[in-house]
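The block underneath contains the structure these notes are about, expressed in structure tokens.
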Amino acid sequence: MSAKPVERPTPLNRAFAHVRPAIMTATVFSLFINLLALVSPLYMLQVYDRVLGSRNVMTLVLITAIVIGLFVVYALLEALRTQVLVRAGIKFDAELRSPTFASVLENTLKRTPGGAQSFRDTDVVRDFLTGAGLLTFCDAPWIPVFLVVCFILHWYFGVLAIVSGLIIFGLAIANDSATREPLRLANQSGIAAQNDVGATVRNAEVLRAMGMWGGLRDRWALRRDEVIGWQASASDRGGGIMATIKFVRQVVQTLILGGGAFLVLEGKITAGSMIAGSIIVGRALAPIEQGVGQWKNFLNTRGAWERLQSMFRADEGNYERMSLPAPKGKLTLENVAIAPPGTQRFTIRGVSLELEAGTSLAIIGASAAGKSSLVRGLVGVWPPQMGAVRLDGFDLKHWDPEQLGSHVGYLPQDVELFSGTVADNIARFGEYNAEDVIDAARLAGVHEMIQALPSGYDTPLLDSGASLSGGQRQRIALARAVYKRPALIVLDEPNASLDSDGETALVAALNELKAAGKTIIIVTHKMNILSVADKILLLANGVAQTFGDRDEVVAKLFGGGPRPVAPPQQAGG
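If you're matching positions, the sequence shown starts at 1236 in the working numbering and goes up one per residue.
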């Protein structure tokens, strides 16, 4: 019988392992905190049974002073336990935030919904592990200590504590069983509603211009109604159980005092034992009652933990990789087949080619030929379902994504800038030297335009650069792509929004990059850009129709006559 494969620890497992020592420390503190919780009932026992009987003031003063000192220790341990857990929460967040961000990004590329929810799930797990939820679990193991003390005082207190604890725990289990499914459905509907409203806000211009907000508002309202409906169902189911739990608490408190008073009248225990028993039974039940109060948080945390684990396990690239040598730019495609994430329809099928470092390739073809799909595969955005894309011989999936990104320049069709300064956007939001930023801007022919902005390179770009024209945004994005002159530069319709001056600057930049030995991939429909290409790949329906040297392909396609391949248009794939 084959052994079950061992699952690789997820980033969530690793983050938890980093804070486990802090949790164990908090558990040890909880031992002494719970032992010190016996101070108050023992004090009451001594006051009622010894001090009041002997009327000895010095005994009262002495035990009071001792108790106050022990309470100081109790308070210090509580404060230390809180500080340990707070710092554990900081460490947990520091360990988990980077892999969470990377996995959310990867899932977004795979078009998996619920990305933003993962950040909230991280907060939920962190808050539970470092807050009142964990403290409840830390206190629970010491319940037997209080039960033993209850039996020492009188078996009645011990039995009452056990029976009432079992009743409260059973009601909590019933509450979980009754509310689990409605709460799960409410959470799912809430995530869907949040995703809907996020997409609506991002496309506010289109909604306003075409009067679409009514239908989307109604769809969002329907989602909200589902959330409220499931939450109401859970409340209806759990309300009666929670009321019963409160009833049991009140009855137990009454039975403790009433039964204790009867035992005192019968001479079975002293008045001090009655008061002490009341306090200790309450202390024994406290973790159970706290657990009931934290039950909803526990369920939310369990759901958040499972969602995070599923996300990390679905992201096969969340493990650490060895750093690879800086690539020269040799690009190899081996029978590559690519399908958009979430679909089984291949938009690229069986494409193979090899480009030596420093070679420039133009990809041409009609709309929906698969050009954009192919370049997404070349930069690792859409990993191939079949075949391999290799940079300097290494499969792209063997590269650490962040390391690979520093050696790749990518200009997509849909240009997106980010909130920050112009310099931040060009430098990809990393640390930068002004010389590198200006070099990239000059190369993209945008330096003078940036100088004319109100604060030059320090001009903030709000709302993703909405104040800039499409051509300006595209040229800043081009500067970002050529920042630090990476080994592989992939440009998808780089001249779609450029005027004649912008196209001239683009051709000059491409020639300069070629001279520097950079590998360049261009998707284009314009003949003047083809002039910088060493090779041309013609795609049709996701299949390579022609691949070869530029002059040979142009002669084959156009009979040697230099004329445009097609008018400028949006490439559909």
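The beta-carbon is built from N, C-alpha and C at its ideal position, and this holds for glycine as well. The model shown is predicted, which means the values in this text are computed figures rather than measured ones.
Applying the 10 Å Cβ sphere with the 16-neighbour rule, what's the burial state of residue i?
{"i": "Pro1276", "result": "buried"}
{"i": "Gly1502", "result": "exposed"}
{"i": "Val1571", "result": "buried"}
{"i": "Val1263", "result": "exposed"}
{"i": "Val1788", "result": "buried"}
{"i": "Ile1301", "result": "exposed"}
{"i": "Ile1504", "result": "buried"}
{"i": "Trp1390", "result": "exposed"}
Would you mind working out which of the options sits nearest residue i, comparing C-alpha positions?
{"i": "Val1223", "options": "Asn1763, Ala1561, Ser1265", "result": "What is shown of the chain runs 1236 to 1808, which leaves residue 1223 out entirely."}
{"i": "Arg1255", "options": "Glu1651, Leu1364, Ile1301", "result": "Leu1364"}
{"i": "Ala1261", "options": "Thr1245, Pro1695, Pro1376, Gly1288", "result": "Pro1376"}
{"i": "Ala1768", "options": "Gly1304, Leu1745, Ala1250", "result": "Leu1745"}
{"i": "Phe1267", "options": "Tyr1309, Ala1257, Ala1601", "result": "Tyr1309"}
{"i": "Gly1783", "options": "Ile1598, Gln1525, Val1339", "result": "Ile1598"}
{"i": "Ala1751", "options": "Val1282, Ser1424, Gly1564", "result": "Gly1564"}
{"i": "Pro1560", "options": "Ala1669, Leu1596, Asp1635, Asn1532", "result": "Asp1635"}
{"i": "Thr1489", "options": "Leu1500, Gly1464, Val1516", "result": "Val1516"}
{"i": "Asp1693", "options": "Arg1663, Ala1658, Asp1671, Ala1714", "result": "Ala1658"}
{"i": "Glu1637", "options": "Arg1556, Glu1416, Gly1691", "result": "Arg1556"}
{"i": "Val1586", "options": "Arg1625, Pro1562, Ala1549, Gln1579", "result": "Arg1625"}
{"i": "Ala1740", "options": "Asn1776, Lys1719, Val1681, Glu1541", "result": "Val1681"}
{"i": "Gln1709", "options": "Glu1651, Ala1669, Gly1691", "result": "Glu1651"}
{"i": "Gly1615", "options": "Gly1474, Gly1593, His1642, Asn1422", "result": "His1642"}
{"i": "Leu1568", "options": "Phe1629, Val1527, Gln1529", "result": "Phe1629"}
{"i": "Gln1780", "options": "His1253, Ile1258, Arg1584, Asp1411", "result": "Arg1584"}
{"i": "Ser1702", "options": "Leu1713, Leu1688, Met1259", "result": "Leu1688"}
{"i": "Leu1492", "options": "Gly1512, Gly1706, Arg1484, Gln1529", "result": "Gly1512"}
{"i": "Ser1468", "options": "Gly1691, Trp1530, Leu1344, Pro1417", "result": "Pro1417"}
{"i": "Arg1548", "options": "Pro1379, Asn1269, Pro1334, Leu1395", "result": "Pro1334"}
{"i": "Gly1526", "options": "Gln1423, Arg1458, Ile1403, Gly1425", "result": "Ile1403"}
Contact check, residue i vs residue j under 8 Å by CB: the rounded distance?
{"i": "Gly1366", "j": "Leu1382", "result": "So it is not a contact: roughly 27 Å between Cβ atoms."}
{"i": "Asp1356", "j": "Leu1534", "result": "Not a contact, Cβ separation roughly 13 Å."}
{"i": "Val1758", "j": "Lys1606", "result": "5 Å"}
{"i": "Ile1756", "j": "Val1742", "result": "No, Ile1756 and Val1742 are not in contact; Cβ-Cβ is about 16 Å, not under 8 Å."}
{"i": "Ile1685", "j": "Ala1675", "result": "The pair is not a contact, with the Cβ atoms about 11 Å apart (cut-off 8 Å)."}
{"i": "Leu1774", "j": "Leu1609", "result": "7 Å"}
{"i": "Phe1306", "j": "Val1274", "result": "7 Å"}
{"i": "Val1282", "j": "Gly1507", "result": "7 Å"}
Starting from residue i and walking both ways along the beta strand (DSSP E), at which residues does that stretch end?
{"i": "Glu1728", "result": "No beta strand (DSSP E) contains Glu1728, which DSSP labels as neither H nor E."}
{"i": "Phe1782", "result": "1778-1784"}
{"i": "Ile1757", "result": "1754-1758"}
{"i": "Thr1567", "result": "1566-1573"}
{"i": "Ile1504", "result": "It is not in any beta strand (DSSP E) - Ile1504 carries neither H nor E in the DSSP assignment."}
{"i": "Val1643", "result": "1643-1646"}
{"i": "Glu1589", "result": "1583-1590"}
{"i": "Ser1595", "result": "1595-1599"}
{"i": "Ala1722", "result": "Note, Ala1722: premise wrong, no beta strand (DSSP E); not H, not E."}
Between the C-alpha atoms of residue i and residue j, what's the straight-line distance to the nearest angstrom?
{"i": "Met1279", "j": "Arg1518", "result": "14 Å"}
{"i": "Arg1243", "j": "Arg1249", "result": "10 Å"}
{"i": "Ala1409", "j": "Thr1536", "result": "19 Å"}
{"i": "Ile1573", "j": "Glu1341", "result": "16 Å"}
{"i": "Ala1679", "j": "Asn1730", "result": "11 Å"}
{"i": "Gly1577", "j": "Gln1620", "result": "12 Å"}
{"i": "Gln1648", "j": "Ala1722", "result": "21 Å"}
{"i": "Phe1372", "j": "Pro1522", "result": "8 Å"}
{"i": "Arg1322", "j": "Leu1748", "result": "49 Å"}
{"i": "Leu1596", "j": "Arg1419", "result": "51 Å"}
{"i": "Gly1494", "j": "Val1462", "result": "47 Å"}
{"i": "Gly1288", "j": "Thr1414", "result": "53 Å"}
{"i": "Lys1632", "j": "Asn1776", "result": "26 Å"}
{"i": "Glu1589", "j": "Ser1545", "result": "37 Å"}
{"i": "Tyr1718", "j": "Asp1736", "result": "21 Å"}
{"i": "Thr1754", "j": "Gly1612", "result": "16 Å"}
{"i": "Leu1388", "j": "Arg1361", "result": "40 Å"}
{"i": "Ala1669", "j": "Glu1738", "result": "25 Å"}
{"i": "Phe1327", "j": "Leu1370", "result": "17 Å"}
{"i": "Leu1697", "j": "Gly1400", "result": "58 Å"}
{"i": "Leu1247", "j": "Asn1291", "result": "59 Å"}
Against chain D, with Cβ distances strictly below 8 Å, would residue i count as a contact?
{"i": "Ala1669", "result": "The structure shown contains no chain D; it is built from a single protein chain."}
Taking residue i as part of the alpha helix (DSSP H), name the residues at either end of that continuous run.
{"i": "Val1616", "result": "Note, Val1616: premise wrong, no alpha helix (DSSP H); not H, not E."}
{"i": "Ala1337", "result": "1292-1344"}
{"i": "Tyr1278", "result": "1274-1281"}
{"i": "Lys1531", "result": "1530-1549"}
{"i": "Ala1252", "result": "1246-1271"}
{"i": "Lys1749", "result": "1735-1750"}
{"i": "Ala1669", "result": "1669-1678"}
{"i": "Ala1775", "result": "Where Ala1775 is concerned, there is no enclosing alpha helix (DSSP H), although the beta strand (DSSP E) it sits in stretches over 1770-1775."}
{"i": "Met1762", "result": "1762-1765"}
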